[in-house]
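Participant: A single structure is presented below for examination.
There are 2 protein chains.
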Amino acid sequence: MAKTDVAQCEEVHEIHRDKVDALHRAMPDDDELYDLAELFKVFGDSTRIRILFALFAADTCVCDLAETLNMTQSAVSHQLKILKQAKLVSFRKEGKSAIYFLADDHVRTIIDMGREHIEE
Amino acid sequence: MAKTDVAQCEEVHEIHRDKVDALHRAMPDDDELYDLAELFKVFGDSTRIRILFALFAADTCVCDLAETLNMTQSAVSHQLKILKQAKLVSFRKEGKSAIYFLADDHVRTIIDMGREHIEE
DNA sequence: CAAACATATGAACAATTATTCATATGTTTG
DNA sequence: CAAACATATGAATAATTGTTCATATGTTTG
Chain A
0 MAKTDVAQCE
10 EVHEIHRDKV
20 DALHRAMPDD
30 DELYDLAELF
40 KVFGDSTRIR
50 ILFALFAADT
60 CVCDLAETLN
70 MTQSAVSHQL
80 KILKQAKLVS
90 FRKEGKSAIY
100 FLADDHVRTI
110 IDMGREHIEE
Chain B
0 MAKTDVAQCE
10 EVHEIHRDKV
20 DALHRAMPDD
30 DELYDLAELF
40 KVFGDSTRIR
50 ILFALFAADT
60 CVCDLAETLN
70 MTQSAVSHQL
80 KILKQAKLVS
90 FRKEGKSAIY
100 FLADDHVRTI
110 IDMGREHIEE
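Protein sequences, first through last, are from chains A and B. The numbering of the first sequence is numbering that gives the first Met the number 0, which starts it at 0 and goes up by one. The numbering of the second sequence is numbering that gives the first Met the number 0, which starts it at 0 and goes up by one.
Have a look at this one:
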């Protein structure tokens with residue numbers, strides 16, 4: 000096999016050109032890759048995970064979430080905004096309160112898959 | 000991680016004590032919550048997502064991964080270490096190279112769930 | 001309307017983290 | 001063994017991000 004001359008690779012490595020081309024074709028669009036990473040980033044914080052577990056159990060207002068997590072109302076509100084933007088949670092107004100709830104079942108499934116992976 | 004002045008919260012807000020207690024009981028152990036967040040944090044970076052998509056297509060050496068992602072060998076190696084620690088990838092030695100591959104099918108399932116959520 | 005309440009938000013700070021650079025480790029080959 | 005190669009790693013830096021604090025917005029109720 001001949002050495003491949005690769006302009007980008009300054010050092011002389013034995014790049015497998017055919018393979019790299021195949022991998023490149025298998026790669027989704029940058030937009031999708033970015034969106035996927037952004038989605039998982041939302042799950043990658045224990046405060047937000049705890050909020051999701053709370054909402055697994057019951058629809059809950061911000062105040063009770065803050066009390067449950069032993070955090071300030073502000074911190075919880077900031078995190079709820081992120082969860083909302085990722086369409087993982089939604090909310091309805093009830094009197095003075097905003098009651099948050101899970102947007103759909105993907106949330107549960109994704110977290111269940113994560114739990115499965117961890118138990119090994 | 001954050002400590003809140005609960006006493007103040009109780010003075011000002013109408014906490015639903017029964018509900019908060021129920022939510023508290025529904026919450027998994029801190030260890031599990033932490034591990035879950037750590038796992039998803041690993042998925043929450045587009046470089047690591049791209050590495051995983053490459054490995055979906057084929058087992059690959061570090062050098063070809065670096066070329067495919069158009070990144071330095073060092074950067075890829077650092078990220079592979081994180082993926083390895085999370086048990087998402089593994090590797091075998093073949094001659095001079097280290098061939099990385101997906102550790103198990105959870106990886107695929109988790110990413111598929113993420114893609115499903117995004118397409119809406 | 002005013003007071004009380006519930007939630008949201010902007011700015012600042014501290015902590016985390018991805019990449020780069022330089023170099024080390026370990027393997028193969030002549 | 002020495003040279004070449006493939007990968008790993010430590011330190012430094014820049015960028016990102018979670019929490020706090022102060023305050024704003026918007027609702028309900030007397």
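Cβ atoms here follow ideal geometry from the backbone N, Cα and C, with glycine treated the same way.
Counting contacts by CB-CB distance shorter than 9 angstroms, is Y33 of chain B in contact with chain A?
Facilitator: To locate residue 33 of chain B, count along the second sequence from 1; it is residue 34. It does; some Cβ of chain A falls within 9 angstroms.
Participant: For A102 of chain B, which residues from the same chain have a beta carbon less than 8 angstroms from its beta carbon, with the 5 sequence-adjacent residues on both sides left out?
Facilitator: Looking up residue 102 of chain B in the second sequence gives position 103. Excluding residues within five positions, the ones whose Cβ falls inside 8 angstroms are K86, L87, V88, S89.
Participant: Going by C-alpha to C-alpha distance, which of B:E115, B:H23, B:F39, B:F55 sits closest to L54 of chain A?
Facilitator: Residue 54 of chain A sits at position 55 when you count from the first residue of the first sequence. Among B:E115, B:H23, B:F39, B:F55, the Cα nearest to that of L54 of chain A is on B:H23.
Participant: Among residues of its own chain, excluding the 5 on either side of E9 of chain A, which ones have a beta-carbon nearer than 6 angstroms to its beta-carbon?
Facilitator: Within the first sequence, residue 9 of chain A is the residue found at index 10, counting from 1. With a pLDDT of only 36 at E9 of chain A, under the threshold of 50, the placement of this residue in the model should not be trusted; the figure read from the coordinates follows. Cβ within range, chain order: n/a, list empty.
Participant: Please check the pair L32 of chain A and I50 of chain A, which I expect to be a contact at CB under 8 angstroms, by giving their CB distance rounded to whole angstroms.
Facilitator: On the first sequence, position 33 is the one that residue 32 of chain A refers to. On the first sequence, position 51 is the one that residue 50 of chain A refers to. Actually they do not touch by this definition, with Cβ atoms about 26 angstroms apart.
Participant: One question on the structure: do T121 of chain B and F100 of chain B come within less than 9 angstroms of each other, judged by their Cβ atoms?
Facilitator: Summary: the structure shown does not reach residue 121 of chain B, with chain B confined to residues 0 through 119, and so no result is reported for it.
Participant: I'd like to know if K18 of chain A contacts chain B, where contact means its C-beta is closer than 9 angstroms to some C-beta of that chain.
Facilitator: For the purposes of this step, residue 18 of chain A is taken as the residue at position 19 of the first sequence. Yes - at least one Cβ of chain B is within 9 angstroms of the one on K18 of chain A.
Participant: Just to confirm my understanding: we take A6 of chain B, look at its own chain, exclude 5 residues before and 5 after, and list those with CB closer than 7 angstroms. What are they?
Facilitator: The residue labelled residue 6 of chain B in the question sits at position 7 within the second sequence. Note that A6 of chain B has pLDDT 32, beneath the 50 cutoff, so the model's placement of it is unreliable and the number below is only indicative. Closer than 7 angstroms at Cβ, skipping near neighbours: no residue.
Participant: Kindly list, in the order they appear in chain B, the residues whose Cβ is closer than 7 angstroms to that of A56 of chain A.
Facilitator: The sequence position of residue 56 of chain A within the first sequence is 57, counting from 1. Within 7 angstroms Cβ-Cβ: A21, L22, A25.
Participant: From this set, A:M26, A:G43, A:R47, which residue's C-alpha is nearest A56 of chain B's C-alpha?
Facilitator: Here residue 56 of chain B corresponds to residue number 57 of the second sequence, with the count starting at 1. Checking every option, the nearest Cα to that of A56 of chain B belongs to A:M26.
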